[in-house]
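If you use mature numbering (1 follows the signal peptide of the UniProt record, and there is no 0), the sequence shown corresponds to residues -19 to -1, 1 to 886, in order.
We put the CB at the ideal spot given by N, CA and C, even for glycine.
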Amino acid sequence: MARAMRLFAFALLVAIAASVDRNNFKTCDQSSFCRRLRKVEQDNSKYILNLDTLQVSAHSLEADLLNPDATFKFTLTALAGNTFRLFADEIKPLHKRYKVVGALDGEPKLTKLEVLERTKQEVVIKCGDSKVKLIAEPFKIEFYNKDTVVAVVNARGLFTIEHLRVKPQEQADGNEELPKEDPGAWEENFKSHHDSKPRGPEALAMDVTFPGAIRAYGLPEHADHLALRSTGPGATDPYRLYNLDVFEYELETTMAIYGAVPVLYAHGPENTVGVFWHNSAETWVDISNSKDTNVVSSIVNLVSGKKDENKVDAHFMSESGVLDVFVMLGPKPADVVKQYAALTGVAPLPQYFTFGYHQCRWNYNDEDDVKNVVEKFDEGDFPLDVMWLDIEYTDGKKYFTWDPVKFSHSTVMLNNLTATGRKLVAIIDPHVKRESGYFLHEDALNNDYYVKDKDGKVFEGWCWPGSSSYPDFFDPTVVDYYSNLYSLDKFKGSTENLYIWNDMNEPSVFNGPEITMGKDMVHYGNWEHRHVHNLYGLYYTMVTMKGLQARSPNKRPFILTRAFFAGSQRYAAMWTGDNAAEWSHLAISYPMCLSVALGGISFCGADIGGFFHNPDPELLLRWYQVATWLPFFRAHAHIDTKRREPYLYGSDVQMRIRNALKLRYAHLPMWYTQFWEHSRTGEPVIRPLFYEFPEDSNVLDIDNQVLIGKSVMATAVSQHSASSASVYLPGGSEQLWYDLSDFKSYTGSGYITYPVNLDKIPVFYMGGSIVSRKDRPRRASSLMHDDPYTLYVSLDNNKSATGTLYIDDSESYEYKKKKYLYIRFNYKDNTLTNSFIDQDAKYPTLSWLERVVVLGASNNFRYATLKTPKGEDTILQVSYDSEGRSLIIRKPGVSMREKFTITLH
């Protein structure tokens, strides 16, 4: 029987992995609630806000919201940071409707509102520079930045909340015909799967119009371009948000994949507005963008004399839950993304090593294999920080165990890695093998820790081990039990230098509907899986975080997750899942990660080389070069692929991969500083061009270029045998950009044709920035901790520049006790100075300043002087590299914890 189960699971895997089978996944027409909400008639809203019931407090107003079938309590709340919250729930529901718990980072901060006007038909409130007008009949809400309407709720009359009710009989008393309902409203079939829908239809929808907007962004995760396309009947399916295990996903599609963050940004030249749809059920979002229809409308308007009006329309549709929506009024992209971060939180500062290089495949065979890979990396002079183990390290795919033959000395293996400065990450998936004698299964079974089916029995599905059940991570008792499994006395064979990879946590169920858990499965609190589906992966990482923090209270955890939701950034990094060794998959890695970063999750990467299939040397090399400029930097491959560690290739390929790795390691201080600043401000670490240049209409669709903070811009080269790349240099003629390969300067004059070869991709330092680097290559980042810094000063047109650097112990929580340095560098009038942003913070770093490289300086300087508060002026040597177009100040030798002034003469 066990062998038969394994064969079944493997056969299913092979069938799935061959390529994505669209028949395994629903379209909107195959989803009853999406189908019926999409059919709601426009401009015929039956919802009325009863302003006779209006009550106003210091921060909110509420009133009854009526339709012919039910009464809802509607609340509008003013929040700090130019944000408003809309909330509606049934006053007397047949059952409670689900309210999301876990996505928000605490309760949002309130602010005061002022009522400006009040009549029987409308109410106008003011909050700072923003106004909100609530219109009673038909129900509509207009949001204003100053006096400009920037968002309108229910402008098209698609607002819907299906009230909970008893299932009607086939025919009413007196043989009166009942209204026809969608055939899937009360129960639904998909392929061989039946959804019993015990609570009946409970869907909700809301349309939002954004006047003046010309692009829409957000709604990750999709394998698509950054700017959202127009959807709709006759065009394409809505963007779907429903966490699913999709093997070898297709590109340029609105299909759901592993993660779901229901935040949308509508951007125009004057305003950027965001909507966070706080709902964890299956969700579809239709987008209508005037940019896709203006060619036709322009002709019509030309004839009629009307002027084109840019706008974006969105239609959110979810299967269940209360109406809970945040409207964020910006007005700039940076403002609205920070407003979203204020709601769902930021990534806590990770350990320094996490930004180094990660080497993974499914699977490294045994302890000797791990040891040999590390030794080969050292022999080939390839930097490496983390080795990874996929599912085969376990004892028969039983998590929190080690294979008794292949990994019988796991502690020794871990300690040996630690001795070389490396760490280990091992996979822990949520499915639990149903095997008698396996402690985790026995405990879960005996203590009622598993998710139940609709009949109250333990749910049984299929995953890697074969027959599996799934812990209910919504149950606080299960959270306490499971998180404790990470302790060293429970997870025997582990050490504090073992970190965790949470995969398959959508959750993946090979024989379930759409390869996931059935919607009528039951969780703690008697909530169905349909209510909480998109939260499952988030809750799993919350449990892992709790376990690692309890195991090692003064070490920052590292967790990688595949499934995610709003707020997942507080617990884990993510990657783009099971991509393929194809040029198109390399190209999509930038827009996918940029979209996720706008959704709050900056710590994103894509499997270098592609998970499926075998990359040729050129593709693999390019992938390393492109991935250097994404936060999470990991190579990973399917079990059936050829080994592809860098040292297995020819000397030319090895040299170029080595150069890419060393360039990454030189910039680790930059990555670390950017994540520190993200943790304080909420700004994304990686950014699309429109984020920094929102008024430049040319950048709105560019998603093959990425900004790291405000200092570095990289362009992906994702074509076979490319000899050039088209690069857009934003900022206009006043903005300077310095080519990282030779420091040649360019002005932001639009597109340039940039010549490329196999040695490089286009990477630029932004004029006006100062980038801190460590240019002494080491085999691991931990060995670089006390190494000196080099400052790269890229001058702007005013011959000035500024930058920041963050330093601490790289791994602990001591920074929360002010044990760090946060330094600002400023270059002006030929003088470089530093200052400490947080003057009460101290850290006894041994690092010092080794060099200063000034880009854009003249060659007229003969020497420099160094001045510190403790000593006399020191003369420093200066040289000008005409080939490298840079001026170099050699060996200032000053400690990074000291204040200094360096002046060129």
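For residue 862, the CB contacts under 7 Å within the same chain, skipping 5 residues up- and downstream, are 869 in chain order.
The three-state secondary structure of residue 6, taken from DSSP, is coil. Restricting attention to alpha helix (DSSP H) runs no shorter than 4 residues, the stretch 304 to 355 encloses them at 314 to 325, ordered along the chain. As for any beta strand (DSSP E) of minimum length 3 sitting wholly inside the stretch 713 to 782, the runs are 726 to 736, 744 to 747, 750 to 754, 770 to 775, ordered along the chain.
If you draw a straight line from the Cα of residue 97 to the Cα of residue 103, it is about 11 Å long. Spanning the alpha carbons of residue 539 and residue 45 requires a straight line of approximately 46 Å. Looking at the DSSP output, residue 833 sits in a beta bridge with 772, 870. Between residue 803 and residue 819, the CB-CB gap stays under 8 Å. Note on residue 174: under 16 other CB atoms within 10 angstroms of its CB, so exposed under the neighbour-count rule. Closest by C-alpha distance to residue 557, out of 77, 624, 241, 84, is 241.
Buried is the label assigned to residue 55, since at least 16 other Cβ atoms lie within 10 Å of its Cβ. The distance from the Cβ of residue 254 to that of residue 191 is about 6 Å, consistent with a contact at the 8 Å cut-off. For residue 654, the closest alpha carbon among the candidates 526, 117, 789, 387 is that of 789. For residue 674, DSSP records no beta bridge to any residue. Secondary structure of residue 877 (DSSP, three-state): coil.
Taking the CA atoms as reference points, residue 139 sits about 38 Å from residue 411. The criterion of a C-beta distance shorter than 8 Å is not satisfied by residue 719 and residue 683. For residue 111, the enclosing beta strand (DSSP E) stretches over residues 111 to 116. Straight-line measurement puts the Cα of residue 860 at about 50 Å from the Cα of residue 232.
Around the beta carbon of residue 627, a 10 Å sphere encloses 16 or more other beta carbons of the protein chains shown; the residue is thus reported as buried. Counted as a single uninterrupted DSSP element, the alpha helix (DSSP H) harbouring residue 598 occupies residues 598 to 608. Beyond the five residues adjoining it in sequence on each side, residue 844 comes within less than 6 Å, by CB distance, of 856, 859, 886 in the same chain, given in chain order.
Counting along the chain, no beta strand (DSSP E) covers residue 396; the unbroken alpha helix (DSSP H) around it starts and ends at 391 to 400.
Looking from the CA of residue 315, the closest CA among 522, 831, 671 belongs to 671. Contact check for residue 308 against residue 64 passes: the beta carbons are separated by less than 8 Å.
Under the three-state reduction of DSSP output, residue 232 falls in the coil class, being neither helix nor strand.
Under the three-pair Cβ rule at 8 Å, the stretch 478 to 491 counts as touching the stretch 391 to 399.
Minimum Cα-Cα distance from residue 526 among the listed residues 596, 454, 499 corresponds to 454. The Cβ atoms of residue 667 and residue 553 lie no closer than 8 Å to each other. Counting C-beta pairs with one atom in each stretch, the stretch 535 to 550 and the stretch 317 to 332 have three or more that are closer than 8 Å, which means they touch.
In the displayed model, residue 564 falls within a helix according to three-state DSSP. Fully contained in the stretch 608 to 664 are the following alpha helix (DSSP H) runs of length 4 or more, in chain order: 632 to 647, 649 to 662. Remark: fewer than three beta-carbon pairs, one from each stretch, lie closer than 8 Å, so the stretch 339 to 349 and the stretch 758 to 771 are not flagged as touching. Inclusion of residue 537 and residue 332 in the CB contact set at 8 Å is warranted, their separation being smaller than that value. For residue 800, same chain residues with a beta-carbon under 8 Å away, outside a window of 5 residues either side, are 789, 790, 822, 823, 824 in chain order. Under the three-state reduction of DSSP, residue 269 is assigned to strand.
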